[in-house]
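Below: one structure, written as structure tokens.
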Amino acid sequence: MAKILPSRYKYPFFFLGLFVMELSGLFFKFLNLALSGVEAMIVVGFLIFAFSILAT
Numbered sequence: 006m007a008k009i010l011p012s013r014y015k016y017p018f019f020f021l022g023l024f025v026m027e028l029s030g031l032f033f034k035f036l037n038l039a040l041s042g043v044e045a046m047i048v049v050g051f052l053i054f055a056f057s058i059l060a061t
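Numbered according to our numbering, the sequence shown spans residues 6 to 61.
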């Protein structure tokens, strides 16, 4: 199977996905962001996270 994403880009995307998901929780708690906005940010963070795992 061919590598889609070089390993030097894999880990920054991995942590970026986790960071976006964590940031959405903080926005919900401290900035009273609507739940639909939080869900959208979590989906985006999870897609980045999943791409970094699957694109090896």
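Note that the Cβ used here is the ideal one computed from N, Cα and C, for glycine as well. Everything numeric in this text was worked out from a predicted model, so none of it was measured.
Cβ pair residue i, residue j closer than 8 Å
i	j	result
Ser-29	Val-43	yes
Leu-38	Phe-32	yes
Classification of residue i by the beta-carbon crowding that lies within 10 angstroms, buried from 16 upward
i	result
Ser-20	The sequence given here has Phe at residue 20, not Ser. By the neighbour-count rule (16 or more Cβ atoms within 10 Å), Phe-20 is not buried but exposed.
Phe-35	exposed
Phe-54	buried
Under the three-state DSSP convention, the category residue i falls into
i	result
Pro-17	helix
Element boundaries [alpha helix (DSSP H), containing residue i]
i	result
Ile-53	40-59
Pick from the options that is closest to residue i, judged by C-alpha positions
i	options	result
Val-48	Gly-22, Tyr-16 and Ser-12	Gly-22
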